[in-house]
Structures are given as structure tokens and as C-alpha cells.
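Heads up, the sequence shown is in our numbering, so the first residue is 20 and it goes up one at a time.
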Amino acid sequence: MGRELTTFSNQRKQGSPGHATLCTSRSRRRGKRRNRRDLSRLRQAELLELPICDLGLTLSNTLMAARVERVMGELATVRLSFRPYTWLSTEWFAPDGLPGFALPFHLLHPQLARLEREATGRLEGGELDECLRLLRHETAHAIDSAYGLHRRASWRAMFGRFGSPYRASYIPKPGLRDYVINLDNWYAQSHPAEDWAETFAVWLDPRSNWREAYRDWPALEKLEYVDSLMQEVRGSRALEIEYERVEDIEDNTTKLSKYFRRRKQ
């Protein structure tokens with residue numbers, strides 16, 4: 020039974036093909052990184068009065084950092100030299116043309132995670148399995164940008180036109196075996212760029228056993244294409260792309276109270 024769904028692309032701000040159409044200014048606070056705070060010592064009222072840029076959050080030595088490293092290890096296992104860069108923002112998203120992706124800051128601390136869950140009713144990427152699936156998906160967008168893969172005629176023949184406009188919503192076909200299943204709501208069906216990212220994510224997952232799991236699916240052809248394409252780019256030098264940190268939390272002066280109020284709305 021198909022039902023109309025709001026796409027994850029909107030939720031993660033991937034408004035243009037596969038990625039985000041966002042301000043790409045450099046972080047203005049790059050030389051003024053805040054000291055890490057012990058947020059657990061703050062009462063909720065005190066915490067909510069802090070601007071996001073003053074939370075003192077860093078990715079190092081966190082559970083999220085360990086999960087990122089796990090996926091980087093998966094890239095090493097399949098002998099890919101490419102490694103995406105990451106930064107902290109308000110949501111999961113991979114900006115168009117950049118070989119990296121943003122991670123939601125609220126996943127770095129249990130108090131912030133609780134506020135996010137209370138505001139939105141869910142915590143996207145809070146559980147290990149879902150987080151790894153998201154990391155693999157965003158890595159796929161980054162590797163596409165790093166090598167300009169969607170410009171290839173073979174990519175377009177396999178997944179469709181990268182420049183196709185995103186729809187505000189889509190009606191998935193749950194029984195359609197032309198697409199792999201990684202994220203919820205049959206997300207691969209939403210756009211060619213997401214079809215690519217979902218296929219790569221399944222291919223990269225060391226537990227997917229994709230050749231057997233998709234043996235009788237037309238989607239197997241896409242997985243075999245990814246496998247062949249990654250063999251080709253192994254060890255290849257990525258395109259010369261300037262690294263940007265789009266909507267870095269170091270530039271976000273919004274107070275948490277206002278931010279989570281907006282999230283709830």
C-alpha cells in the first residue's frame with residue numbers, strides 16, 4: 020500500500036540533487052573555537068539559554084566519532100582511499116559539490132538528544148544501526164561529489180538524471196524491487212541521487228550480503244554497477260574541491276530554547 024510521504028531530503032535539507040542548497044560561507048568562528056562544556060552540570064533552563072555556538076561541542080572522543088570511524092574503516096576494507104570530512108550542524112545533510120557531510124549536533128549529548136526527541140517525536144540516527152545506515156548514505160553523496168560520478172553517462176543510465184528536481188513528497192511502491200532498502204520509507208525511490216546513495220550504502224555495509232540478498236531483484240544490477248565503479252576509482256585522486264563547512268554550529272547564534280521551539284513547530 021503506497022502512501023504519500025514527506026521526503027527525507029527535505030528533513031536533511033538535501034533540496035537540490037542529492038545534497039543541500041545552502042549558504043556556503045566559511046565558518047566565521049574558525050579561530051575562536053569554544054572550550055568544551057560539561058553540559059550535564061547545567062539545569063535544563065540554563066542549557067536552553069545557551070546559543071548553539073556556545074555549547075562547546077566537538078566531535079572528538081564521542082560515540083558519534085566512533086561510529087564515523089567505523090564507517091571509515093568500512094571504506095578501508097573495500098580499499099577505497101577516499102575519506103569524507105564531517106562537521107557539526109543542525110541536521111544530516113551533504114551539500115552539493117562538497118566531499119563531506121554534516122552531522123546533527125544534538126546526537127553528541129544525551130540532554131540535547133532528549134530535547135530533540137521531545138520536540139520532534141523522534142531521534143534520527145540515535146540508534147547504532149540507523150546511524151550507520153545514515154553515515155553510509157551521506158558518505159555516498161560525498162564520494163559522488165569527490166569524483167563527479169553523476170556526470171558519467173553510465174551513472175545516468177543506471178540511476179537517472181541527477182538534475183531532476185526534488186519533489187516535496189513522493190508515493191513509494193513498497194513491492195518495487197528495482198531499488199534497494201537502506202533507510203526507511205523506501206527512500207531510494209525519491210530521487211536518482213538518493214537511489215545512488217542508498218545503493219552505495221547497501222554495497223558498503225559489510226553485513227548486507229548484497230549479492231545473495233538481492234539475487235532475484237533488478238536492483239542487483241545497480242549494486243554490481245557500484246561494485247564495478249568503486250573498483251575503478253580505488254586509489255584515484257579526487258577532484259580538486261574546496262572544503263567548506265556549511266551551516267557549521269560555530270556560526271549558529273540561535274538559543275537552544277528558540278531552536279527547539281522551531282523544531283517542535
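Glycine included, every Cβ here is placed at the ideal spot set by N, Cα and C.
*CA-CA distance, L154 and E65?*
32 Å
_Inter-residue Cα distance where the pair is V87 and R256_ = Taking the straight line joining both Cα atoms gives about 22 Å.
*Inter-residue Cα distance where the pair is T272 and L223*: 37 Å
*Is it right to say V97 is buried, meaning 16 or more other beta carbons lie within 10 angstroms of its own, or is it exposed?*
exposed
*With DSSP run on the structure shown, which of helix, strand or coil describes S227?*
coil
*What is the residue span of the alpha helix (DSSP H) that P129 lies within?*
Element bounds for P129: 129-139.
*Could you check if T105 is buried or exposed, using at least 16 other CB atoms within 10 Å of its CB as the buried criterion?*
buried
*Find out if the Cβ-Cβ distance for the pair P225, E110 is shorter than 8 Å.*
no
*Assuming E217 contacts N228 under a Cβ cut-off of 8 Å, what Cβ separation, rounded to an integer in Å, is found between them?*
About 16 Å; that fails the 8 Å criterion.
*alpha helix (DSSP H) containing W174: first to last residue?*
172-178
*For L78, which residues from the same chain have a beta carbon less than 6 Å from its beta carbon, with the 5 sequence-adjacent residues on both sides left out?*
The beta carbon of L78 is closer than 6 Å to those of A84 in its chain, skipping five residues each way along the sequence.
*At a cut of 8 Å, does the stretch 241-258 reach the stretch 185-192 through at least three beta carbon pairs?*
no
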